[in-house]
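Visitor: Dropping the structure in here first, questions after.
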Amino acid sequence: MQLVLEKRAERSGTIALVSPLIAIGLTVVTMIILFAILGKNPLLALHAYFIAPLTDGYSLQEIAVKATPLVMIAIGLSLCYLANAWNIGAEGQFLVGAVAGSWIAVKTQGTDAGAWVLPAMLVLAAAAGALYALIPAICKVKFGASEILTSLMLVYVADLFLDYLVRGPWRDPNGFNFPTTAEFDPVATVPLLIEGGRLHLGSIIALLVVAAAAILLGRTIKGFEIRVVGAAPRAARFGGFNANQLIVLTFAVSGALAGLAGIIEVAGPIGHLQPGISPGYGFTAIIVAFLGRLNPLGILIAGLFLALTFIGGEQAQIAMKIPLDVTKVFQGILLFYVLACDSLILYRFKLSFPNRQVARGTH
Amino acid sequence: MTHFHTLRRGSNWPTIGHFTMQAHQRMLDSTPDGLNSGEPPLLRTIGLTKSYGDFLANDSIDIDIWPGEIHALLGENGAGKSTLVKAIYGLIQPSAGEIRWQGQRIVLSGPSEARSLGIGMVFQHFSLFDNLTVAENVALGLDGRESFKDMSARLEQVSKTYGLPLDPKREVWQLSVGERQRIEIVRALMQDPKFLILDEPTAVLTPQEADQLFVVLERLKAEGRAILYISHKLEEVKRLCDTATILRGGRKVETCDPRRETAASLARMMVGSEIKEVKAASGRKTTVPRLVVNDLSLAPGEPHGVRLEHISFELKGGEILGIAGVAGNGQDELFAALSGERLSKDPGTVVIEGIAAGHLSITHRRRLGAAFVPEERLGHGTAPRMKLSENALLTGHAASGMVHRGFIDTAATLKTVDRATETFDVRKAKRDPEAASLSGGNLQKFIVGREILRNPAVLVVSQPTWGVDAGAAAVIRQALLDLAIAGAAVLVTSQDLDELAEIADRIAVMFHGKLSAPLATREATREKLGLLMGGSSLELEEAAHAAGA
Ligand SMILES: Nc1ncnc2c1ncn2[C@@H]1O[C@H](COP(=O)(O)OP(=O)(O)OP(=O)(O)O)[C@@H](O)[C@H]1O
Ligand SMILES: [Mg+2]
Chain A
1 MQLVLEKRAE RSGTIALVSP LIAIGLTVVT MIILFAILGK NPLLALHAYF
51 IAPLTDGYSL QEIAVKATPL VMIAIGLSLC YLANAWNIGA EGQFLVGAVA
101 GSWIAVKTQG TDAGAWVLPA MLVLAAAAGA LYALIPAICK VKFGASEILT
151 SLMLVYVADL FLDYLVRGPW RDPNGFNFPT TAEFDPVATV PLLIEGGRLH
201 LGSIIALLVV AAAAILLGRT IKGFEIRVVG AAPRAARFGG FNANQLIVLT
251 FAVSGALAGL AGIIEVAGPI GHLQPGISPG YGFTAIIVAF LGRLNPLGIL
301 IAGLFLALTF IGGEQAQIAM KIPLDVTKVF QGILLFYVLA CDSLILYRFK
351 LSFPNRQVAR GTH
Chain B
1 MTHFHTLRRG SNWPTIGHFT MQAHQRMLDS TPDGLNSGEP PLLRTIGLTK
51 SYGDFLANDS IDIDIWPGEI HALLGENGAG KSTLVKAIYG LIQPSAGEIR
101 WQGQRIVLSG PSEARSLGIG MVFQHFSLFD NLTVAENVAL GLDGRESFKD
151 MSARLEQVSK TYGLPLDPKR EVWQLSVGER QRIEIVRALM QDPKFLILDE
201 PTAVLTPQEA DQLFVVLERL KAEGRAILYI SHKLEEVKRL CDTATILRGG
251 RKVETCDPRR ETAASLARMM VGSEIKEVKA ASGRKTTVPR LVVNDLSLAP
301 GEPHGVRLEH ISFELKGGEI LGIAGVAGNG QDELFAALSG ERLSKDPGTV
351 VIEGIAAGHL SITHRRRLGA AFVPEERLGH GTAPRMKLSE NALLTGHAAS
401 GMVHRGFIDT AATLKTVDRA TETFDVRKAK RDPEAASLSG GNLQKFIVGR
451 EILRNPAVLV VSQPTWGVDA GAAAVIRQAL LDLAIAGAAV LVTSQDLDEL
501 AEIADRIAVM FHGKLSAPLA TREATREKLG LLMGGSSLEL EEAAHAAGA
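Chains as they are written, first to last, in full-length UniProt numbering: chain A, 1 to 363; chain B, 1 to 549.
See below:
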C-alpha cells in the first residue's frame, strides 16, 4: 500500500476557507499532546493560552498592541508572496527601521525639537526598511541570487548592528551600563489612544494599512499586476507586466512596512531602543501572512490570533511555568499545518495498492 | 503480439450474471447489427451527467464503446466532449449516472484507478519536461517499481512494435510536436490499455504526422483495443472511425456510422444548422504599410530556442499575410519579437504604424495599435485561474479605458467580456467564469474576440483556430477578413494550409529561423509550400542541399 499525492482536477473552494481552521485545530491537538508530555494539565494550559487573555481588558489591549506589528509586516509580506517574491527577512527590515527612526530620537534627545520628530522618525524608518529590503531584491534581479537566502542572512546583520549601537555609541550614559538608549522624549513617542492604556496610534496605522492593501489588490492595476505575476508569469509578461520590477516594488513596500512597524514598536510600547525589541515579529508575520491566505482581511484576523498566542504564552508561563519557548513551538507547528493543509487545496491524498498501476502526474 | 496476449489473458471478461444480462439487453437495443453479441460493451455510460452549478456540461449521456472499434466523439466547442472523457478517465466525478466497465459498474476515484483498469488517455496538451530525456519523461509517468533499465528496454520495444520511433536518450526539447505526442502515446501504451482516449490528437500535427498516427490507431484497433477519438476534422473522422457519437449542448444527439455520412451532414448534426461559408473579401484595398520588419535577427531567449535570421517583410493595411511552416522553426520566437515579449536592440527592426518599435515594450506596441494572439491559450494568452474580466484587463489595460488613474473599471472589463461573448458566441457556464473552466475552443473565441474588439491596426495571431470547431473557425476567419477589410494589417501563423489559402493574400514559409519571400496565395501550391517547409529554396537547387544539412 502506498500513499500518493494526486493533483486535483477542480480546485476546491470550500477547503480554501476551511483549511486555516483545520490547521488551527490540528495545532491545538498537537499542543494538547505536548502539554501532556510536559506534565501539565492540557485543559488548564489551553485555557491559559486561548481563553484567559480574552477575559480582561488589559490583555485585550495587549493583544491589539502585539497584533499591530504582525499585521503591518504580514501585509507587506503578502504582497511579496503574491508576486512570487520570497522575502523572509522582514525581521531584519523591522530592526533596521527601528534603528533608523531611533537615530532621530537619539539625536534630538532633550533638545525640545518639536512635533516634527515623530513623523520624521516614521518616514525615515520606512525608508530605511525599504532600502534594506532592496538589497536582496536587487541581488535577485541583477544577479539571480536567491532572495530567500540573502534576505534571511541580512536579519543577522541588522541584529548585530543594533546590538553594537546600543552597547556602544547610543548607550544611555545614565543607564547603569545596560545596553539601551535613554527613554525617548515625548515628541519622539507614539501617542496612546486611551490615557493610561496600552493601545497606541500604531494600531490605527495598521488598520489603514490593511484597508490600503485591500484596495490595492482588489481595485488597482498595480494590485492586479502583482496577482498575475505570481499566478501566471508567462501571461503576465504577455500582459506587459515586468516581474523584476514587481519584485523590487513589493520588496520595497514590505521593507517599508516592516521598518515602520519597527519604529512604532520602539517609539510606542517599548519607549527606547534595546536588543531584543522583537520576539520574532518578522518571522511570525510569515505565519500570519499564510494563515490569513495572503488576503488583507484574513491577515488582520490571523494577526490577532497569533498575538493571542504571544499573550497566552506569557500568561501560561506565569500561571503554569510553561516555558515561553512553547509559544514558538506552537507557531512553528501552526505554520507547518497551514502549509500542509494548503497542499490539500491543490492535491489530494490517495491510497494505492502495489498490484495496481500507480498514479502519474496528470492535468 | 505479446501485448495482444496479455490483453486477452489478463482481462477477466465477466461471466454471465445479473449485470451482463442487463447490459446485453441494452446492447441489443443500441447495436441492431448484433455484431458483438454475447459480450457487454467494453465501456458504457448510462445517463452520465456532469453539472457545474445549474449548467449541465454533460446531460445524461449514453455511450457504448466496443473492443476493436475507433469511436469518434464529435461536437462543437463546449459541447462537452472533454468533460465526458475526463469523467471516464476519473479526472472529474460525474454528478449523476454511471459508468460500466465490461458490464460492471465502476466508480473511479482518480486517473490512476482508471489506468489500472486499462483506460489510457492522451491529452491535447502534453505534460513533458523539456530538459529531461524521453526515457526519463516516461519513467516519471509510470510506476516507479520497474528498474530504469527495464523500463527503457520496454519503451524501445513498445515504440518499435508500434512503429512509433523514439530515441529514449534524446531530450524532449529537441523533438517536434509530433514526436512529443508520440511519447505520450507510447507512455499510454506501455500501460497496455484496453481502451485509449485521444483528445484532439491531430490538432497540432502536420498532415504527414497525422497519417502516421492513423496507421498506429488502425493497428491498435486490429489488436482488439478500443479507441475514443475526439477531433474537429471531419474528413479524418470519416476516414478512420467506425462509429461516431455526436454531442450538442451537453446532450447526445446521435450515434452513427461516419462513413455513411458526409462531412456536411456530420457538421449539421453537430451544429443543428448549416455552417456559414467564409466570404472572401472582394473589395479589399491595401493602404499604407502598418507592420514592417527589417532584417530582424535575434538570438534565442531560451536555451533551446531558434535563432531568427534576417527576417524582412512588409504588411500593408487591408492585407493578410500567412506564415506557414512546421512548428518549432522559429514561429514562437518571431511572435515574441513582434509582440515585444522579446526586445530587439535595434528599434528599426520592427516598425508598427510607421514608428520604430523594436525596443518598445508590448504595452507600448499595443498603444501604437497592435494586438496579439499567442498560440497557447492557457498560461500565455490568459491566466488560467483568473476570471475572464481579469483576462480582458490583461491585454486591455494599455489602451481601452479600463483603467482610470490606476483604478480598474470593473464595469468596462465586464463589458468587454459580454461583447466578446456576444460577437463570437462564447459558450460558458456563467457570466464571468475562470478562464480555465472554458472549453478549449470557447476560450480561443474569447481571446480572439478580446483582441479584435480593440479594433487593432495590426493583428498578429498564431494558430487562430487550433481546436476550434468548424462553425467557430469560420466565425474567427471571417472576423480576421473583416478586420482586414476595415483596414488592419493581419499576420496569421498557422499550420493549417487550407486555412491560410482561405484567408491570406500572401503566404511565406518559416524554416530554421528564416522566412521565405512571400508567394501570392494563388501561386502558393501545396507542392511549393511543401518544398519550402522542408527547407528547399524554390529558385536554387543547390541551396536545397545547404539548407537541408
Ligand atoms: N470546471 C468547470 N466549471 C464550469 N464550467 C465548466 C468547467 N469545465 C467545463 N465547463 C463548461 O462545460 C462545457 C463543456 O466543456 P468541454 O471542455 O467538455 O467542451 P469540449 O466539447 O471539449 O469543447 P472544445 O472542443 O472547445 O474542447 C463548456 O461550456 C465549459 O465552459
Ligand atoms: Mg475539449
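Glycine included, each C-beta is placed from N, C-alpha and C at the ideal position.
The model shown is predicted, which means the values in this text are computed figures rather than measured ones.
Nearest to A:Ile135 by CA position, among A:Leu334, A:Thr284, A:Ile270, A:Phe251, is which residue?
Guide: Here the closest residue by C-alpha is A:Phe251.
Visitor: Taking the alpha-carbon of A:Val71 as reference, which of A:Met31, A:Leu260, A:Val338 has the nearest alpha-carbon?
Guide: The shortest C-alpha separation from A:Val71 is found at A:Leu260.
Visitor: To which residues does DSSP link B:Gly75 through a beta bridge?
Guide: Beta-bridge pairing links B:Gly75 to B:Leu247.
Visitor: According to DSSP, B:Gly120 sits in a beta bridge with which residue or residues?
Guide: Partner(s): B:Leu196.
Visitor: Mind checking who B:Gln104 pairs with in its DSSP beta bridge?
Guide: DSSP output for B:Gln104 lists B:Trp101 as bridge partner(s).
Visitor: Are the stretch 82 to 89 of chain A and the stretch 239 to 253 of chain A in contact at 8 Å, needing three or more beta carbon pairs?
Guide: Taking 8 Å as the limit for Cβ pairs, the verdict is that the stretch 239 to 253 of chain A does touch the stretch 82 to 89 of chain A.
Visitor: Check the C-beta distance from B:Gly272 over to B:Arg248 and give it rounded, since I have them as a contact under 8 Å.
Guide: Going by Cβ atoms, the distance from B:Gly272 to B:Arg248 rounds to 6 Å, so yes, they are a contact pair.
Visitor: What residue range does the alpha helix (DSSP H) around B:Ser218 cover?
Guide: Sequence check: residue 218 of chain B is Glu here, not Ser. Per DSSP, B:Glu218 belongs to the alpha helix (DSSP H) from 207 to 222.
Visitor: For the alpha helix (DSSP H) containing B:Leu298, name the first residue and the last one.
Guide: That residue, B:Leu298, is in no alpha helix (DSSP H); its beta strand (DSSP E) goes 289 to 298.
Visitor: For B:Glu39, which of helix, strand or coil comes out of DSSP?
Guide: Looking at B:Glu39 - three-state DSSP - the assignment turns out to be coil, as it is neither helix nor strand.
Visitor: Could you check the C-alpha separation between A:Ala231 and B:Gly381 for me, to the nearest Å?
Guide: Between A:Ala231 and B:Gly381, the C-alpha separation is close to 13 Å.
Visitor: Quick one: is the Cβ of B:Arg342 within less than 6 Å of any heavy atom of ligand 1?
Guide: No, Cβ of B:Arg342 sits at least 6 Å from all heavy atoms of ligand 1.
Visitor: State the DSSP-derived secondary structure class of B:Ser462, mapped to helix, strand or coil.
Guide: Three-state DSSP puts B:Ser462 in a strand.
Visitor: Considering A:Phe161, what are the terminal residues of the beta strand (DSSP E) in which it resides?
Guide: Where A:Phe161 is concerned, there is no enclosing beta strand (DSSP E), although the alpha helix (DSSP H) it sits in stretches over 147 to 167.
Visitor: Just the C-alpha distance for residue 563 of chain B and B:Tyr89, rounded to the nearest angstrom, thanks.
Guide: As displayed, chain B neither begins before 1 nor continues past 549, which places residue 563 of chain B out of reach and without an answer.
Visitor: Leaving out five residues before and five after B:Leu42 in sequence, what residues of the same chain have Cβ atoms less than 8 Å from its Cβ?
Guide: Same-chain partners within the cutoff: Ile65, Trp66, Pro67, Trp101, Gln102, Lys194, Phe195, Ala226.
Visitor: Could you give the DSSP three-state label for B:Asn58: helix, strand or coil?
Guide: B:Asn58 falls in the strand class under three-state DSSP.
Visitor: Bridge partners for B:Glu434 per DSSP, in chain order?
Guide: Answer by DSSP bridge pairing, in chain order: B:Lys387.
Visitor: Counting pairs of beta carbons, one from the stretch 321 to 339 of chain B and one from the stretch 487 to 501 of chain B, are three or more of them closer than 8 Å?
Guide: Result yes; three or more Cβ-Cβ pairs closer than 8 Å.
Visitor: Using a Cβ-Cβ cut-off of 7 Å, state whether A:Val228 counts as contacting chain B.
Guide: Interface residue, yes.
Visitor: Please report how far the alpha carbon of B:Val509 lies from the alpha carbon of B:Ile311, in whole angstroms.
Guide: Those two C-alpha atoms are separated by around 11 Å.
Visitor: Do the stretch 443 to 459 of chain B and the stretch 245 to 260 of chain B touch if we need at least three Cβ pairs shorter than 8 Å?
Guide: No, because fewer than three Cβ pairs between the stretch 443 to 459 of chain B and the stretch 245 to 260 of chain B fall closer than 8 Å, the two stretches do not touch.
Visitor: Determine the closest residue to B:Arg59 out of B:Ala299, B:Asp505, B:Gly80, with distance taken between C-alpha atoms.
Guide: One point to set straight first is that residue 59 of chain B is Asp, not Arg, in the sequence displayed. The option with the nearest alpha carbon to B:Asp59 is B:Gly80.
Visitor: Flag A:Ser343 as yes when its Cβ comes closer than 6 Å to any non-hydrogen atom of ligand 1, and as no otherwise.
Guide: Every heavy atom of ligand 1 is 6 Å or more from the Cβ of A:Ser343, so no.
Visitor: Can you tell me which of A:Val18, A:Ala64, A:Ile277 puts its alpha carbon nearest to the alpha carbon of A:Leu193?
Guide: With distances taken between Cα atoms, A:Leu193 lies closest to A:Ala64.
Visitor: Go to B:Gly511, then tell me how far its beta strand (DSSP E) extends in each direction, as first and last residue.
Guide: Note on identity: in this sequence residue 511 of chain B is Phe, with Gly being the wrong assignment. Here the beta strand (DSSP E) through B:Phe511 covers 506 to 511.
Visitor: For B:Pro456 and B:Pro289, what's the separation of their Cα atoms in angstroms?
Guide: Rounded to the nearest angstrom, the two C-alpha atoms are 14 Å apart.
Visitor: Within 8 Å, do at least three Cβ pairs link the stretch 87 to 102 of chain A to the stretch 261 to 278 of chain A?
Guide: The stretch 261 to 278 of chain A, when compared against the stretch 87 to 102 of chain A, does touch it at the 8 Å Cβ threshold.
Visitor: In the DSSP assignment, the beta strand (DSSP E) including B:Glu309 goes from what residue to what residue?
Guide: Run containing B:Glu309: 308 to 316, per the beta strand (DSSP E) assignment.
Visitor: Can you tell me where the alpha helix (DSSP H) holding A:Ile263 begins and where it ends?
Guide: Looking at the DSSP string, the run of the alpha helix (DSSP H) that includes A:Ile263 is 243 to 265.
Visitor: Residues of chain A with a CB under 7 Å from the CB of B:Phe148: which are they?
Guide: Neighbours of B:Phe148 on chain A: none; closest Cβ ~15 Å, over 7 Å.
Visitor: When the cut-off is 7 Å and only beta carbons count, does B:His397 lie next to chain A?
Guide: At least one chain A Cβ lies under 7 Å of B:His397.
Visitor: Any Cβ of chain A within less than 7 Å of the Cβ of B:Thr133?
Guide: No, its Cβ sits nowhere closer than 7 Å to a Cβ of chain A.
Visitor: With a cut-off of 8 Å, do at least 3 Cβ pairs link the stretch 298 to 308 of chain A to the stretch 279 to 290 of chain A?
Guide: Judged by Cβ distances under 8 Å, the stretch 298 to 308 of chain A makes contact with the stretch 279 to 290 of chain A, as three or more pairs qualify.
Visitor: Just confirm the distance between the C-beta atoms of B:Leu394 and A:Gly239, as a whole number of angstroms; I'd bet it's less than 8 Å.
Guide: Right, the Cβ-Cβ distance comes to about 4 Å (below 8 Å), so this counts as a contact.
Visitor: Tell me, please, whether the stretch 361 to 370 of chain B touches the stretch 426 to 444 of chain B by the rule of three or more beta-carbon pairs shorter than 8 Å.
Guide: The answer is no - the stretch 426 to 444 of chain B does not touch the stretch 361 to 370 of chain B, with fewer than three Cβ pairs under 8 Å.
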